[in-house]
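A.B. asks: Got a structure for you, written out below as structure tokens; questions coming shortly.
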Amino acid sequence: MRLRYALRSVTQMLSLCSLALVIPATSQSLAAARQSDIPAWLGVYVGTGEGQIAQPILQRARALYMRKVSEGTVRNPCYFAMDATRPNTPNDGKSAGRFYIVCEATQTFRVVSSGHGSGRDLKGVADFGNGRMCAKNFGNAMDSNLTTGGSYVTEETKTTFKGYYKLSQTKETAYLRTFLQFDGEGETANARERAIGGHAAAKVAGVCMKKDPQSPYANKDGYVPLGKLVEYAGGRSDGCTSWSASDANQIISMVKDNPTTLYIYPESSDIKAIAKAVAAGRSPAQSGLYWNDSCLKDIGTPKFWPKETLEPIIVQYKKDHPAPPAKPIPICDQQ
Numbered sequence: 000m001r002l003r004y005a006l007r008s009v010t011q012m013l014s015l016c017s018l019a020l021v022i023p024a025t026s027q028s029l030a031a032a033r034q035s036d037i038p039a040w041l042g043v044y045v046g047t048g049e050g051q052i053a054q055p056i057l058q059r060a061r062a063l064y065m066r067k068v069s070e071g072t073v074r075n076p077c078y079f080a081m082d083a084t085r086p087n088t089p090n091d092g093k094s095a096g097r098f099y100i101v102c103e104a105t106q107t108f109r110v111v112s113s114g115h116g117s118g119r120d121l122k123g124v125a126d127f128g129n130g131r132m133c134a135k136n137f138g139n140a141m142d143s144n145l146t147t148g149g150s151y152v153t154e155e156t157k158t159t160f161k162g163y164y165k166l167s168q169t170k171e172t173a174y175l176r177t178f179l180q181f182d183g184e185g186e187t188a189n190a191r192e193r194a195i196g197g198h199a200a201a202k203v204a205g206v207c208m209k210k211d212p213q214s215p216y217a218n219k220d221g222y223v224p225l226g227k228l229v230e231y232a233g234g235r236s237d238g239c240t241s242w243s244a245s246d247a248n249q250i251i252s253m254v255k256d257n258p259t260t261l262y263i264y265p266e267s268s269d270i271k272a273i274a275k276a277v278a279a280g281r282s283p284a285q286s287g288l289y290w291n292d293s294c295l296k297d298i299g300t301p302k303f304w305p306k307e308t309l310e311p312i313i314v315q316y317k318k319d320h321p322a323p324p325a326k327p328i329p330i331c332d333q334q
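Residue numbers in the sequence shown follow numbering that gives the first Met the number 0, run continuously in steps of one, and reach 334 at the last position.
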């Protein structure tokens with residue numbers, strides 16, 4: 000049933016595949032034609048307000064999905080998109096929605112929060128760091144911690160032990176976090192090499208080592224890490240797509256052994272076009288482009304750092320600033 004639906008949709012969407020990488024058109028007639036390809040129920044969610052998805056992002060996400068279905072890569076009835084130009088945390092302190100889950104077979108549309116890449120500040124050399132609310136810098140270099148816009152397909156999952164944390168004064172539990180690997184193409188082709196994927200925005204912090212030789216996770220000396228579970232759904236990541244724990248569980252379960260597509264906006268061409276418009280004193284809308292208004296005011300001009308330029312800088316910085324020896328993790332106090 001799911002595959003039949005997906006294949007029927009391909010015929011309707013073939014024209015979109017060639018539009019996947021095109022910057023939003025300035026022609027109102029072309030924009031209207033593109034809009035008409037979107038089902039009426041889904042068109043209600045198209046826009047730039049809260050809980051909506053910008054039209055060029057939805058168009059590209061659908062085109063990518065239909066292309067992968069037609070290639071036989073994807074059979075999942077749902078697909079994902081992310082708008083990394085939106086703010087991560089609005090003024091009320093709650094995480095803003097900018098990750099989209101679209102299931103056309105069941106006519107469901109959902110928006111959840113998602114972190115963006117933190118970037119880095121290589122003191123005195125290059126600053127490509129991002130604030131918590133809005134992303135200014137994007138790129139695809141190794142060890143850059145930057146988000147890369149473009150096309151992805153979800154792949155395998157891997158669950159790893161991150162440490163124990165306390166549920167109460169007398170009870171502890173192990174935290175196991177699942178990582179969903181992404182594979183990309185074009186500028187995102189090195190996603191696997193960069194270990195780019197999706198996971199819950201949570202970690203065990205403030206760790207000490209506790210003696211627990213009976214634990215299946217104990218090291219050779221019989222110790223396990225014990226700390227505090229910290230959730231950072233409104234924070235930044237190391238370039239991956241991070242979600243709240245509950246959202247991560249749902250998203251990962253949707254694609255386990257059943258891959259689908261993820262389209263992340265903006266791509267390098269979008270960023271360069273926006274930068275050119277800003278330099279000319281024009282708004283994105285005046286140039287037929289899209290960027291979230293509040294974040295553009297916050298960041299000024301976005302920038303894309305290509306790996307060909309940034310990776311040599313990072314490699315040289317590592318040579319010039321070697322990491323200090325790792326300090327031993329302290330032993331937990333006896334309780």
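Even for Gly, the Cβ is constructed at its ideal location relative to N, Cα and C.
Going by DSSP, what residues sit across from Arg109 in a beta bridge?
C.D. replies: Arg109 is bridged to Ile100.
A.B. asks: Buried or exposed: where does Lys227 fall if 16 or more other Cβ atoms within 10 Å of its Cβ makes it buried?
C.D. replies: Classification for Lys227: exposed.
A.B. asks: If Trp304 sits next to Phe181, beta carbons under 8 Å apart, how far is it from one beta carbon to the other, in whole angstroms?
C.D. replies: Wrong, their Cβ atoms sit about 19 Å apart, outside the cutoff.
A.B. asks: Please classify Cys77: does DSSP put it in a helix, a strand, or coil?
C.D. replies: Strand at Cys77.
A.B. asks: Grouping DSSP H, G and I as helix and E and B as strand, with all else coil, what is Thr25?
C.D. replies: With a pLDDT of 36 at Thr25, under the threshold of 50, the modelled position of that residue is not reliable, and the figure given next carries that caveat. It is coil, neither helix nor strand.
A.B. asks: Identify, in the order they occur along the chain, each residue of the same chain with its Cβ nearer than 7 Å to the Cβ of Glu155, setting aside the five sequence neighbours on each side.
C.D. replies: Once the five neighbours on either side are set aside, the close Cβ partners of Glu155 are Gln180.
A.B. asks: Only counting the same chain, and skipping five residues up and downstream in sequence, which positions put a Cβ closer than 7 Å to that of Pro38?
C.D. replies: Answer for Pro38: Glu103, listed in chain order.
A.B. asks: Only counting the same chain, and skipping five residues up and downstream in sequence, which positions put a Cβ closer than 7 Å to that of Ser117?
C.D. replies: Answer for Ser117: Gly128, Asn129, Asn144, Arg235, Ser236 and Asp237, listed in chain order.
A.B. asks: List the whole-angstrom C-beta distance separating Pro55 from Tyr289, where the pair is believed to meet the contact cut-off of C-beta under 8 Å.
C.D. replies: That belief holds up - the Cβ atoms of Pro55 and Tyr289 are roughly 5 Å apart, short of 8 Å.
A.B. asks: Within its chain, find whatever has a CB closer than 7 Å to the CB of Val124; leave out the 5 residues flanking it on each side and keep chain order.
C.D. replies: Contacts found: Ile312 and Tyr316.
A.B. asks: Would you kindly work out how many angstroms separate the C-alpha atoms of Arg97 and Pro265, rounded to a whole number?
C.D. replies: Each residue's Cα considered, the two are about 12 Å apart.
A.B. asks: Measure the beta-carbon distance from Met141 to Lys306 and round it to whole angstroms, keeping in mind my assumption that it falls under 8 Å.
C.D. replies: Confirmed, about 7 Å.
A.B. asks: Take Glu184 as the anchor and find which of Ala199, Lys209, Ser167 and Thr147 has the nearest alpha-carbon.
C.D. replies: The residue with the shortest Cα to Cα distance from Glu184 is Thr147.
A.B. asks: Where do the N-terminal and C-terminal ends of the beta strand (DSSP E) with Val314 fall, by residue?
C.D. replies: Not the beta strand (DSSP E): Val314 falls in the alpha helix (DSSP H), residues Lys306 to Asp319.
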